[in-house]
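Student: I have a structure here, written as structure tokens, and I will follow up with some questions on it.
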Amino acid sequence: MPFISFQARNAKIVRNGLEHLRRAIPEISRLRLYHAAVEIVRRMKQPGKPITYPVQWDTPKQKRAFFATNGFGKGIPTRRSGTYQKAWQLRAVQRSPANVGYDVGNPLAHARHIGGRSTGGGQSKIHKGRWPLFKRQVGIVVRNLPKIVRDHLKQVARREGFKTK
321 MPFISFQARN AKIVRNGLEH LRRAIPEISR LRLYHAAVEI VRRMKQPGKP ITYPVQWDTP
381 KQKRAFFATN GFGKGIPTRR SGTYQKAWQL RAVQRSPANV GYDVGNPLAH ARHIGGRSTG
441 GGQSKIHKGR WPLFKRQVGI VVRNLPKIVR DHLKQVARRE GFKTK
């Protein structure tokens with residue numbers, strides 16, 4: 321009958337090794353989350369496709385406001401400045417010494433109209449299908465994380481009031 325035998329000749333070395341491993345696990349998780357956050361920022365910084373005509377205005381009021389303010393102050397036709405892409409940021413957040421996470425976001429007031437909200441929706445019809453949708457990009461990146469990390473993220477998201485599958 322095949323069998324395997326394990327022996328520990330120096331229990332102190334084994335115990336130290338396990339202790340190092342125990343301390344390394346949160347660091348490995350933090351590193352995975354950091355790389356995931358960097359990837360979300362990279363995806364959201366991708367420039368959108370050119371405007372399509374006829375323009376799909378959200379409302380007639382939006383159309384009137386655009387032309388009345390000379391392209392919301394940017395001229396007609398509007399030229400992209402890159403401000404939206406440059407504004408995407410990643411910020412480390414430490415809630416306690418053992419609890420470090422990352423916030424990804426765009427502080428611009430109009431960012432939700434271009435990339436949508438983290439909870440979904442909010443993207444203007446003008447930008448639909450042309451600019452990456454924030455919630456979709458987060459989902460793609462999170463799907464590539466190990467299952468144990470995904471499960472923990474879902475648990476935290478539910479606690480914060482997000483709907484998850």
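Okay, so the sequence shown: first residue is 321 according to my numbering, each after it adds one. Ideal placement from N, C-alpha and C gives every residue a C-beta, glycine not left out.
Just the Cα atoms here: how many angstroms apart are I468 and R350?
Tutor: Looking at the two C-alpha atoms, the distance is approximately 13 Å.
Student: Pull the bridge partners of L410 from the DSSP assignment, please.
Tutor: V424.
Student: In whole angstroms, what is the alpha-carbon distance linking H430 and D471?
Tutor: Near 32 Å, if we compare the C-alpha coordinates of D471 and H430.
Student: With DSSP collapsed to three states, give me the class of R470.
Tutor: Helix, per DSSP.
Student: I need the DSSP call for R463, collapsed to helix, strand or coil.
Tutor: Correct three-state label for R463: helix.
Student: Excluding the five sequence neighbours on either side, which residues of its own chain have a C-beta within less than 6 Å of the C-beta of W408, listed in chain order?
Tutor: The answer, listed in chain order, is V361, M364, K365 and N426.
Student: Which two residues bound the contiguous alpha helix (DSSP H) that contains K383?
Tutor: From DSSP, the alpha helix (DSSP H) with K383 extends over P380 to A388.
Student: Around the Cβ of I460, are there at least 16 other Cβ atoms within 10 angstroms (buried) or fewer (exposed)?
Tutor: When all chains shown are included, I460 counts as exposed.
Student: Should I446 and V375 be called a contact, given that it needs their Cβ atoms to be closer than 8 Å?
Tutor: Yes. Within cutoff.
Student: Shortest alpha-carbon distance to T398 belongs to which of R411, G481, I371 and G441?
Tutor: Measuring from the Cα of T398, the nearest candidate turns out to be I371.
Student: Mind checking which residues open and close the alpha helix (DSSP H) that includes A429?
Tutor: Run containing A429: none; DSSP gives neither H nor E here.
Student: Cutting at 7 Å between CB atoms, please list the residues of its own chain near V424, excluding the five before and the five after it.
Tutor: A357, I360, V361 and L410.
Student: Do G421 and L465 count as a contact pair if the criterion is CB distance below 8 Å?
Tutor: It is not a contact, given that the beta carbons lie outside the stated cut-off.
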